[in-house]
Amino acid sequence: MDLKQEINRRRTFAIISHPDAGKTTLTEKLLLFGGAIHVAGAVKSNKIKKGATSDFMEIERQRGISVATSVMEFEYKDTKINILDTPGHDDFAEDTYRTLTAVDSVIIVVDGAKGVETQTRKLMEVCRMRQTPVMIFINKLDRPCRDPFDLMDELEEELKIKVRPLAFPISTGPTFKGVYNIYEQKLSLFMSEDKQRADGEVIDITLDNPDLEKYIAPFHNRLIEDIDLVDGVYPEFEIEEYRAARLAPVFFGSALNNFGVKELLDCFIRIAPSPRATTTEQRTIQPDEPKMTGFVFKIHANMDPNHRDRLAFLKICSGRFERNKPYLHVRSGKNMKFSSPNAFLAEKKSVVDEAFPGDIVGLHDTGTFKIGDTFTEGEQLKFTGIPTFAPELFRYIENADPMKFKQLSKGIDQLMDEGVAQLFTSRGNGRKIIGTVGALQFDVIQYRLEHEYGAKCRYESLPMYKACWIECDDKTVYNDFIKRKWQNMAIDKHGRDVFMAETQYALNMAIEKFPEINFKFSSEF
Ligand code: G4P
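The numbering of the sequence shown is this note's numbering, which starts it at 74 and goes up by one.
Pasting the structure below:
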């Protein structure tokens, strides 16, 4: 198979949802179809269970699980599918945002009774920013759900994207009869109660079949009217609109009952985009360029204390990646060879000899790599668009064991490279500040510093509202701002100036008083 064929048959995507909407269940059902697993229950939810937030062992255990399921790849109908898992817990939202930089499309799972929830809205903003095509799966139809047309209105309004149902439900809850597949013009009846197997039975029957009434009475007329309304209200489905991220096709089903999942998957492999072009500071990279390029979007510490190395996740953007071939690590200028790059088949890591655009390769790292690092065959490139967000929780960090100063700074350095949190140095008092988006990270850092680096840290509270990067073309205004706000200024790891506002009011005042200054709430690695 040549490079173009390999690219065309690849689909790299993430499933995202508000916690509990059914992301894990849907992922599992997709893996069952792909034969990557054989029994339900094999994929563990990586969400940190409620009530366990202060239990470090639990956090670590969950992190261990999420390493195993970070990338799940399988073959389905000659398509190579790469599912990138995202952490379920809000506190790890940054990790999710970064993972979204490595996907070519997204499936959003929405609970049919709850509709659009906070996390869905936030994640959709990231997709919109990056123009990532999205498909929506409305889940839990076996339970009483909201009116499908109301749900569709809410999706359009809240997610700010046009929608087009490609399937439509026939009732929900105890009277749920099935789903009419508008795209294929077939009816799938909800009959099987089999929650475990991938091949649960569904019956296909067209809308004009006289037997239809027998199957779905008393909802026969209602379905005909609904489909009429769908065709009248929503524009014809156009694949280009979906791929341009302007239209989201909508499916209905019940992941738990394995219902509507095959339809989703079959449509997905047909319409979802294969690996797309990627932008770098220098130029746009086409996936079918012969030379290999890729970037690191995630770094994960090894959970096994006997193996202290880390795993860097490399997304291949162009060309063919080969084992033992030297590649340029652009930031350090060094050539590196990888003798055991990992693929992630069936929950197990295995060594791969080659990989193609869209694939994710796990590289062993002893602390050299950072998120955003670029690998090429010699070209000086830097991929852009890997975001870091303005942190909202802050603490001073202090060394609690004077004998372990070196270990502490090495640990902090590596944890920041992994993207666990951000480190700032206050201009006002020179102290080190850790900034995060979630409270859990402070516990994770403390725990990992102790267990992985043998260092101890102590925190001191720092009640701040937000940190944001500042920019200004007029150097005089810029320097004047820094001078005036000296006590609230800090420097990030890359030497950039950061303004720390104590309150929302203080931030608004600063924005108002210094219109020439550009306050940025996200930055790129
Ligand atoms: P998440 O990854 O998005 O957080 O959600 P997850 O798949 O873990 O699903 C959350 C809960 O919703 C689970 O129940 C799961 O069984 C249930 N669920 C998922 N899909 C459906 C569906 O189609 N219908 C119904 N009725 N329920 C569904 P749980 O009780 O929290 O967990 P578990 O003990 O069953 O694993």
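We put the beta carbon where it would ideally sit given N, CA and C, even for glycine.
If you count every other CB in all the chains shown that lies within 10 Å of the CB of L338, and 16 or more means buried, which is it? buried
Do you know whose CA, among G107, I344 and V144, lies nearest Y315's CA? I344
Can the beta-carbon of A473 be found closer than 7 Å to that of R531? yes
So, helix, strand or coil for T509, using DSSP? strand
Can T98 be considered in contact with the ligand G4P, in the sense that its beta carbon sits closer than 6 Å to one or more heavy atoms? yes
Using three-state DSSP, classify H524 as helix, strand or coil. helix
Over the uninterrupted beta strand (DSSP E) stretch that includes N155, give me the two end residues. T152 to L157
Whole runs of the beta strand (DSSP E) within the region 469 to 503, excluding any shorter than 3 residues: 495 to 499
Across which residues does DSSP place M537 in a beta bridge pair? The partner list for M537 (beta bridge, DSSP) is empty, contrary to what the question assumes.
Let me check you understand the geometry: is the CB of K335 closer than 6 Å to at least one non-hydrogen atom of the ligand G4P? no
With a Cβ-Cβ cutoff of 7 Å, do P429 and F368 count as a contact? Per the sequence presented here, residue 429 reads as Phe, with Pro not at that position. Not closer than 7 Å, so no.
What's the gap between the Cα of N591 and the Cα of F554? 12 Å
Ignore the nearest five residues each way along the sequence and tell me which others in S90's own chain have a CB closer than 6 Å to its CB. K96 and V182
What are the uninterrupted segments assigned as beta strand (DSSP E) that are 3 or more residues long and contained completely in the region 328 to 404, given in chain order? 366 to 374, 383 to 391 and 400 to 402
If distances are taken between C-alpha atoms only, which option among K150, T441 and P238 comes closest to F106? K150
How would you label V306, buried or exposed, when you count the other beta carbons within 10 angstroms and need 16 or more for buried? exposed
Since V434 contacts A416 with CB under 8 Å, what's their CB separation in whole angstroms? 7 Å
So what does DSSP say about N408, is it helix, strand or coil? strand
Would a C-beta distance cut-off of 7 Å place L436 and T447 closer than the cut-off? no
Work out the CA separation of V236 and M225 for me, nearest whole Å. 7 Å
Nearest by alpha-carbon distance to V252: which of K213, D168 and I507 is it? K213
Restricting to Cα atoms, I'd like to know which of G527, N552 and N397 is closest to F478. G527
For H437, which beta-bridge partners are listed by DSSP? L384
Would you say the region 578 to 592 touches the region 541 to 556, given that touching needs at least three Cβ pairs under 8 Å? yes
Rounded Cβ spacing between V571 and C545 (contact assumed at less than 8 Å): Between C545 and V571 the Cβ distance is about 14 Å, and since that is not below 8 Å, they are no contact.
Is the beta carbon of Q519 closer than 7 Å to that of A494? no
F210 - containing beta strand (DSSP E), residue span: V207 to N212
The ligand G4P heavy atoms versus the CB of N212: any closer than 6 Å? yes
Which runs of the beta strand (DSSP E), 3 residues or longer, sit entirely within the region 185 to 234? 207 to 212
Among residues of its own chain, excluding the 5 on either side of Q577, which ones have a beta-carbon nearer than 7 Å to its beta-carbon? Y538
Tell me, please, whether the region 400 to 410 touches the region 481 to 495 by the rule of three or more beta-carbon pairs shorter than 8 Å. no
Helix, strand or coil: which one does DSSP assign to V306? helix
Assuming the contact rule is C-beta atoms closer than 8 Å, G431 and T85 should be a hit. Round their C-beta distance to whole Å, please. 4 Å
Cβ-based burial, M573 [other Cβ within 10 Å; buried from 16]: buried
Under the criterion of a Cβ to heavy atom distance below 6 Å, does L329 qualify as lining the ligand G4P? yes
When every heavy atom of the ligand G4P is checked, does at least one fall within less than 6 Å of the C-beta of A94? yes
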